[in-house]
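Numbered according to my numbering, the sequence shown spans residues 171 to 276.
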Amino acid sequence: MTSQSPARRRALLAAAAGLAVAPWAAAGTAHAAVPKVYIDPGHGGTDAGAVGNGLQEKTLTLNIALQTRNILKASWNVDVRMSRTTDITRSLSYRTNDANAWGATI
171 MTSQSPARRR
181 ALLAAAAGLA
191 VAPWAAAGTA
201 HAAVPKVYID
211 PGHGGTDAGA
221 VGNGLQEKTL
231 TLNIALQTRN
241 ILKASWNVDV
251 RMSRTTDITR
261 SLSYRTNDAN
271 AWGATI
């Protein structure tokens with residue numbers, strides 16, 4: 171994988187986030203419910219995920235998820251919730267139950 175500038179990575183994240191919520195933004199009416207976006211960075215805590223060259227997957231996915239959350243909140247009329255915002259362990263059942271109980275649409 172080639173390295174990319176931070177500005178390019180942010181632009182790509184913003185584009186991906188926009189594509190994810192665009193159908194709800196375009197199809198909504200003035201009184202439509204705000205889409206609820208549930209972001210699950212995966213891994214975390216005792217589960218490092220894949221590890222290579224000193225980089226742990228749990229760290230990378232959390233950083234990407236936090237940036238995505240910030241872009242969505244700043245650029246779109248959506249509610250955003252994350253399964254974790256720090257390096258903690260969350261079970262798969264917690265993640266699915268939390269997203270479903272919250273009523274996530276994405």
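C-beta: ideal position from N, C-alpha, C; glycine also.
Annotation: the continuous alpha helix (DSSP H) that includes I234 extends over 227-245. Here D210 carries a coil assignment [DSSP, helix/strand/coil]. In the DSSP annotation of this structure, the continuous segment of the alpha helix (DSSP H) that includes R265 starts and ends at 262-272. In the structure shown, R251 falls within a strand segment according to DSSP collapsed to helix, strand and coil. Residue L232 holds the alpha-carbon nearest to the alpha-carbon of T259 among G222, V207, L232.
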